[in-house]
Amino acid sequence: PGWGTWARGIVPTLVQATLSVFDSICEELLPTPEKSHYTFNLRDVSKVFQGMSMAEPAKLPTETDMQRLWVHECQRTFADRLINDDDRAWFKRLMGSTLQNQFKK
21 PGWGTWARGI
31 VPTLVQATLS
41 VFDSICEELL
51 PTPEKSHYTF
61 NLRDVSKVFQ
71 GMSMAEPAKL
81 PTETDMQRLW
91 VHECQRTFAD
101 RLINDDDRAW
111 FKRLMGSTLQ
121 NQFKK
């Protein structure tokens with residue numbers, strides 16, 4: 021058993037949502053002397069999908085499960101670098117609005 025039929029349909033949305041998150045992060049979370057590691061590039065986008073590609077289809081039987089994995093991988097890739105509560109809260113709001121706008125959830 022492989023991926024369900026829903027999986028092929030969600031891929032364009034996952035790509036668009038990831039690029040939207042990446043663009044927002046690059047615009048809003050600029051490096052400063054205290055946040056010099058806030059440099060994001062396309063390698064970070066690939067890390068999101070690399071993490072997702074390691075998932076077993078049997079463990080993600082629904083589209084909601086895939087969305088949860090996507091949020092997890094975005095947090096692992098982007099949010100784990102954030103150093104203060106304001107930036108983490110901003111990222112949480114970004115993910116919530118992206119889920120609503122891109123996935124209609």
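Residue numbers (our numbering): 21 to 125. Ideal placement from N, C-alpha and C gives every residue a C-beta, glycine not left out.
Euclidean distance between Cα positions of residue i and residue j
i, j, result
"Trp90", "Ile103", "22 Å"
"Val41", "Met115", "7 Å"
"Arg28", "Leu34", "10 Å"
"Pro77", "Gln95", "21 Å"
"Val68", "Phe98", "9 Å"
"Leu49", "Thr84", "28 Å"
"Trp110", "Ser44", "11 Å"
"Ser66", "Gly24", "23 Å"
"His57", "Trp26", "37 Å"
"Leu80", "Gly22", "10 Å"
"Leu15", "Glu47", "Limits of the chain in this structure are 21 at one end and 125 at the other, which puts residue 15 out of reach."
"Met74", "Lys124", "25 Å"
"Arg108", "Asn121", "20 Å"
"Asp106", "Gln36", "25 Å"
"Asp64", "Pro32", "18 Å"
CB contact flag (residue i, residue j, <9 Å)
i, j, result
"Gln70", "Leu119", "no"
"Pro51", "Thr38", "no"
"Met72", "Glu54", "no"
First through last residue of the alpha helix (DSSP H) which encompasses residue i
i, result
"His92", "Glu83 to Thr97"
"Met115", "Asp105 to Phe123"
"Pro32", "Thr25 to Glu48"
"Asp64", "Leu62 to Ser73"
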